[in-house]
Amino acid sequence: MTGRDGNGDAGEAVGRRSRALRIAGLTLAGALVLGIGSAGWAYWHLSNNITGVDINNALGDNRPPKPAVTPSPSVSALPSGALNILVLGSDSRSGEENRRLGGGDSSGARSDTAMVVHLDAGRTSATVVSIPRDTLVTRPSCPRPSGGPTAVAYNSMFNSAYAVGGPVCAVKTVEAVTGVRMDHYIEIDFSGFAQLVDALGGVTVTTDEDISDDDSHLRLKAGTHHLDGAQALALARTRHGIGDGSDLGRIGLQQKLVKALLDQIAAQNLLTDPAKLYRVADAVTAGLTTDTGLDSLGELTRLGQSLEGLSASAVRTVTMPVVRAPSDPNRVVAEEPEARKLWESLR
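Count along the sequence shown starting at 1, add 7, and that's the number in this note's numbering.
So this is what it looks like as structure tokens:
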């Protein structure tokens, strides 16, 4: 006799099911571990893309006052107060890709684009103010990255602040010019901008006139165009092929690009496409420098989530009012009292 009782077959079946469940459990556990590991690596990679600069510590208390902030009802609630962010586009040729996109072999770096982004309380509307790089300003004394202060400079081009003192001096100069406290700082270079546009599938813009710029190498007929990253960057840099060739014409194109980028981001269903979401996040963080309050993926994500109710149609783009500088027809100065009234509206 085999010694098998009436429950032998059932016992074997239970044993097989138990082994199958253990295998399935181990497989699921392995998948979870791999998934968590991948997510952890992705988080580390994206956060590691970002360069942080401790602007608050470098500038100390000698700054415009912070506006009064109503505390959130809970720590988990998203911030909804008014916010001012200085956004700079750097023309640094550091790195092979930046040299290829920027052309030439310029040393150092300047703030090719400067915008103060003011988010209204509630963060459902915003004003983006462009500051012409050719504006003559009084550049305050700034701490140098290498140590020691810079000297105060009168009738200095606005974009020289970044060249002599990096992000810290750029923020201090903007605050001196505007009287507005910058809560955050975000800087993106040539490569990062082009990669972002490509990750979003390009941007669609409409130009009002033909563009032919030997410096940016952009050739476009007037009309609507869908641009890839390199073309969008060339459009942002174009100045000699439009209007009077001044920085004011370029600012108009940059403001069109801001609206086009917001429209393109709104059109993407990123939450249902994790692979595309990762590509966009990787592009956003690549070549990104921020203040230390935004230098992690968690902080950037929290800022982005707080802007969920902000649409492109609720973003107003303006340029700081300027007039030609009496001392140099190729430069501009703030037009008063219009410029002062604009900045006062953002405090």
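Where is the CB? At the ideal position from N, CA and C, for every residue including glycine.
Residue i versus residue j: straight-line alpha-carbon distance, rounded
i	j	result
Pro-147	Thr-120	20 angstroms
Gly-236	Thr-180	30 angstroms
Met-189	Val-265	20 angstroms
Ala-274	Gln-261	20 angstroms
Gly-173	His-125	22 angstroms
Arg-7	Leu-227	Outside the shown range of the chain, which is 8 to 354, sits residue 7, and nothing can be said about it.
Gly-59	Leu-304	12 angstroms
Arg-257	Thr-324	14 angstroms
Arg-100	Thr-326	Summary for Arg-100: the model assigns pLDDT 40, below 50, so the residue's position carries little reliability; its value from the coordinates is reported in the next sentence. So the two alpha carbons sit approximately 27 angstroms from each other.
Gln-238	Arg-244	10 angstroms
Asn-55	Leu-242	29 angstroms
Glu-315	Asp-280	18 angstroms
Residues of its chain near residue i, where Cβ-Cβ distance is below 6 angstroms and the 5 sequence neighbours each way are ignored
i	result
Ser-132	Ala-321
Pro-328	Glu-342, Glu-345 and Ala-346
Lys-348	none
Arg-338	Asp-141, Leu-143 and Ala-332
Val-330	Glu-342
Ala-293	Asn-56, Gly-199 and Gln-202
Start-to-end residues for the alpha helix (DSSP H) that takes in residue i
i	result
Gly-259	254-274
Ile-62	62-66
Leu-143	Unbroken run through Leu-143 is the beta strand (DSSP E), 143-146; no alpha helix (DSSP H).
Arg-70	Here Arg-70 belongs to no alpha helix (DSSP H), and DSSP marks it neither H nor E.
Leu-240	236-244
N-terminal and C-terminal residue of the beta strand (DSSP E) that residue i is part of
i	result
Pro-281	Run containing Pro-281: none in the beta strand (DSSP E); it sits in the alpha helix (DSSP H), 281-292.
Pro-174	Pro-174 -> not in any beta strand (DSSP E); alpha helix (DSSP H) instead, spanning 167-185.
Ala-2	In the structure as shown, the chain begins at 8 and stops at 354. Residue 2 is therefore absent and cannot be evaluated.
Asp-205	Segment 197-206 is the alpha helix (DSSP H) holding Asp-205; no beta strand (DSSP E) there.
Ala-160	160-164
Arg-226	225-227
Gly-311	Looking at the DSSP string, Gly-311 is not in any beta strand (DSSP E); the run it does join, the alpha helix (DSSP H), is 304-313.
Residues near residue i by beta carbon distance below 7 angstroms, same chain, minus five either side
i	result
Gly-300	His-191 and Glu-306
Gly-115	Residue placement at Gly-115 cannot be trusted, given a pLDDT of 49 that sits under 50; what the coordinates show is reported in the next sentence. Within the same chain, Gly-115 has close Cβ partners Ala-170.
Glu-216	Ala-229 and Ile-249
Leu-95	Ser-118, Thr-120, Ala-121, Tyr-169, Ala-177 and Glu-194
Gly-311	none
8 angstroms Cβ shell around residue i - same chain, five flanking residues per side excluded
i	result
Leu-277	Lys-283, Leu-284 and Val-287
Asp-335	Leu-143
Leu-353	Asn-91, Val-123, His-125, Thr-134, Val-136, Thr-185 and Val-187
Ser-87	Ser-79, Ala-128, Gly-129, Arg-130 and Ser-313
Ala-319	Lys-266, Leu-269, Asp-270 and Ala-273
Distance cut-off 7 angstroms: residue i Cβ against heavy atoms of the ligand SAM
i	result
Ala-183	Looking for the ligand SAM in the displayed structure turns up nothing, as the structure carries no ligands at all.
Examine the Cβ distances between the stretch 156-170 and the stretch 204-213 and report whether three or more of them are shorter than 8 angstroms.
no
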